[in-house]
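Chemist: Numbering (the UniProt record's numbering), first residue to last: 1 to 627. Below is one structure. I have some questions about it.
And the structure:
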């Protein structure tokens, strides 16, 4: 017992190792959880090999096949010698003992390697799950999409991966030959179809190229004509053309803008955003007399079908101009209701006289071209239509000039935009013409009565002498005169050296709002030589004044003859003194129908004589002498 127990001086036994002893390589199980790393393409690329060879071997001219074979043989011999020396050393000298590794460090390294392998396995499992889920999404989308990853859902649509079961059949030699023939046939047919598709694509590409060339040539033509090419706010994929008027009102914001689209042959077709092709209306001016149309204006020529894209743009511009013109006319007519303008049944009406009127409305150009009137006043209606168009263009020019001026002072009140002066100048000229003609016709009757009595009387006329008395250097000056003050001067000469100047003045604005007659009368009879100016606002008043003047002029004529006739207190009566039986009294009267003289001798029965303008009547001087 004593001999078997350890002695106190013997060393203690070594502690057991923390790690088990290494298993021999022949008995270890190697598991590769990581994929085999791919070779680095940069190390095997020519761009990296060539610099390495040049640095090791020098220029390529020094490297030959024989030298390389010798180097390979020398390397093999050197490797064989090294192996022999190593085997001898292993037999003679034991290898030096290696220091045991630190167990804690080794455990940490193994743990990190294991975590990497687990993460790699997790990634592979997720990839497999995504593959299977995407494959099943074509069959059962609802169940498959629940297991798809978010990245795959965002980048790959469901149902894009499919599968079909295949069964390999053992085919005989004849079946294999048939299968190969069928395969070649399908492949040949597929190649033929591919060739046909490529040819069709090529021809379609040629057609598209020709269409594009035609389209852009038309766009360049539109640009060369001076039209503004722009983008469409609501359709940015198309080009547009602006053909409207920059000085148009706010109601024309989207009018005057067209979309340029490519037709089937590549030519440009334009779609007007403001006017549809079916709504092609133009302003029509008609003159009515006794509820009958006696004059109609003609529309402009529609060139949209004959003059290409530029004709289409010009026609669309004309239609936009027509629409703006009618809107401005209707707006102005509402402010002129006190002057007899009416907006009824989508038409603007104003009176020319007691039986004549002018009607302005919108009508389709096709209906306008086929309409005929019953009289010869088409020229007047066409002139009125042209004047309205000129006045609107003139208003655009004036708006442009106002925009070029410095802006007004800023205020809290929004400035009101007054309506354009389009109807006012036209109505002023028409009313002035009508009133002047009526005045001349009534005055001419009085002159005819006087001439029938063999009395000298005449009238001279200067129409609108304040408008066209000077030479116009610019068209704008002539258009400005249309909206100005109108005045016609007529000079009337009555018997007895009476001279009457009548100024027919018309303006549809302050302070007249219509037509007035300014009369200047002068004579060299027994009364004052200048009787001042008289103003009348109606035809009846001025005609009654002219009748009074003709009566006084005949009285003055008889008095100047020196037949002892004396005027009674500036009236239209005269007396001739004498015995009671020879007392004579004479009275001159003028009305709308005739000039007549009434007289009495010695207080007897009245006698009278009248002149109605017919020839062959007794002269007044002979009649007065015979009384």
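Beta carbons are placed, not taken as given, at the ideal position from N, Cα and C, and that holds for glycine.
1) Are residue 611 and residue 556 closer than 8 angstroms when you measure CB to CB?
2) When burial is assigned at 16 or more other CB atoms within 10 Å of the CB, is residue 602 buried or exposed?
3) Compare the beta carbon distance of residue 135 and residue 163 with 8 angstroms and say whether it is the shorter of the two.
4) Considering only DSSP beta bridges, list what residue 230 is partnered with.
5) Among 316, 216, 242, which one has its Cα closest to the Cα of residue 267?
6) Specify whether the stretch 509 to 520 and the stretch 448 to 461 touch according to this definition: at least 3 beta carbon pairs, one from each stretch, less than 8 angstroms apart.
7) Cutting at 8 angstroms between CB atoms, please list the residues of its own chain near residue 434, excluding the five before and the five after it.
8) Consult DSSP for residue 262 and reduce its assignment to one of helix, strand or coil.
9) Beta-carbon within less than 8 angstroms of residue 219's beta-carbon, same chain only, minus the 5 sequence neighbours each way: which residues are those?
10) Do residue 459 and residue 501 come within 8 angstroms of each other at the CB atom, strictly closer than that value?
11) Answer with buried or exposed for residue 477, where buried requires no fewer than 16 other C-beta atoms within 10 angstroms of its C-beta.
12) Taking C-beta to C-beta, are residue 329 and residue 416 nearer than 8 angstroms?
13) Around the Cβ of residue 484, are there at least 16 other Cβ atoms within 10 angstroms (buried) or fewer (exposed)?
14) Who are the Cβ neighbours of residue 382 in its own chain at under 7 angstroms, not counting the five residues just before and after it?
15) In or out: residue 69 buried (at least 16 other Cβ within 10 Å) or exposed?
16) Which residue marks the beginning of the beta strand (DSSP E) containing residue 596, and which one marks its end?
17) Would you mind giving the Cβ-Cβ distance between residue 519 and residue 545, rounded to the nearest angstrom? I have them listed as a contact below 8 angstroms.
18) Hey, would you say residue 464 sits closer than 8 angstroms to residue 487, going by beta carbons?
19) So, residue 258 versus residue 243, is the Cβ gap smaller than 8 angstroms?
20) Could you check where the alpha helix (DSSP H) with residue 180 kicks off and where it finishes?
21) May I ask you to report which of helix, strand or coil DSSP gives residue 412?
22) What's the gap between the Cα of residue 345 and the Cα of residue 395?
23) Got a sec, what are the start and stop residues for the beta strand (DSSP E) residue 235 sits in?
24) Buried or exposed: where does residue 213 fall if 16 or more other Cβ atoms within 10 Å of its Cβ makes it buried?
25) Do you know whose CA, among 534, 51, 444, lies nearest residue 59's CA?
26) Report the rounded CA-to-CA distance for residue 102 versus residue 109, giving the unit in angstroms.
27) Tell me whether residue 315 sits in a helix, a strand or coil according to DSSP, three-state version.
28) Considering only their Cβ atoms, is the gap separating residue 558 from residue 548 smaller than 8 angstroms?
29) Using 8 angstroms as the threshold, is the C-beta distance between residue 551 and residue 504 below it?
30) From residue 412 to residue 538, what distance separates their C-alpha atoms?
31) Quickly, what does DSSP pair residue 64 with across the bridge? List them, please.
32) To test your reading of the DSSP string, which unbroken beta strand (DSSP E) runs of 3 or more residues are found completely within the stretch 558 to 592?
33) Distance check for residue 560 and residue 609, CA to CA, integer angstroms please.
34) I'd like to check one pair, residue 280 with residue 319: are the Cβ atoms closer than 8 angstroms?
35) Return the Cβ separation of residue 377 and residue 287 in integer angstroms, given the expectation that the two are a contact with Cβ distance under 8 angstroms.
36) Given a cut-off of 8 angstroms on the beta-carbon distance, is the pair residue 553 and residue 496 in contact?
Modeler: To lay it out plainly:
1) Not a contact, by the Cβ cut-off of 8 angstroms.
2) So residue 602 counts as exposed.
3) Taking C-beta atoms as the reference points, residue 135 and residue 163 count as a pair closer than 8 angstroms.
4) Under the DSSP definition of a beta bridge, residue 230 partners with 240.
5) With distances taken between Cα atoms, residue 267 lies closest to 216.
6) These segments do not touch.
7) Around residue 434: 352, 353, 356.
8) In the structure shown, residue 262 falls within a strand segment according to DSSP collapsed to helix, strand and coil.
9) Taken in chain order, the residues that qualify are 229, 239, 260, 268.
10) No, the pair does not count as a contact, with Cβ atoms beyond the cut-off.
11) Flag for residue 477 reads exposed.
12) Taking the C-beta atoms as reference points, residue 416 is found no nearer than 8 angstroms to residue 329.
13) Counting the other CB atoms within 10 Å of its CB gives residue 484 a total below 16, which places it among the exposed residues.
14) Here the set comprises 297, 298.
15) By the beta-carbon neighbour count (other beta carbons within 10 angstroms, threshold 16), residue 69 is exposed.
16) Per DSSP, residue 596 belongs to the beta strand (DSSP E) from 595 to 601.
17) Yes, residue 519 and residue 545 are in contact; Cβ-Cβ is about 6 angstroms, under 8 angstroms.
18) Yes, the pair counts as a contact, with Cβ atoms nearer than the cut-off.
19) Their beta carbons are under 8 angstroms apart, which means residue 258 touches residue 243 by this criterion.
20) That run of the alpha helix (DSSP H) goes 173 to 224.
21) Assigned with DSSP and collapsed to three states, residue 412 falls in coil, not helix or strand.
22) Answer to the nearest angstrom: the Cα atoms are 27 angstroms apart.
23) No beta strand (DSSP E) holds residue 235; DSSP gives it neither H nor E.
24) In summary, residue 213 is exposed, with fewer than 16 beta-carbon neighbours lying within 10 Å of its beta-carbon over all protein chains present.
25) Checking every option, the nearest Cα to that of residue 59 belongs to 51.
26) So the two alpha carbons sit approximately 11 angstroms from each other.
27) In the three-state reduction of the DSSP assignment, residue 315 falls in the helix class, which pools H, G and I.
28) Going by C-beta atoms, residue 548 is not nearer than 8 angstroms to residue 558.
29) No, they are not a contact pair.
30) When rounded, the distance between both Cα atoms is 45 angstroms.
31) Looking at the DSSP assignment, residue 64 forms no beta bridge with any residue, so it has no partner.
32) When DSSP assignments are scanned along the stretch 558 to 592, the uninterrupted stretches of beta strand (DSSP E) that are 3 or more residues long and fall wholly within it turn out to be 573 to 576, 584 to 590.
33) Those two C-alpha atoms are separated by around 21 angstroms.
34) Yes, Cβ-Cβ distance for residue 319 and residue 280 is below 8 angstroms.
35) By a beta-carbon distance limit of 8 angstroms, residue 377 contacts residue 287. Their separation comes to about 5 angstroms.
36) In this structure, residue 496 lies closer than 8 angstroms to residue 553 by Cβ.
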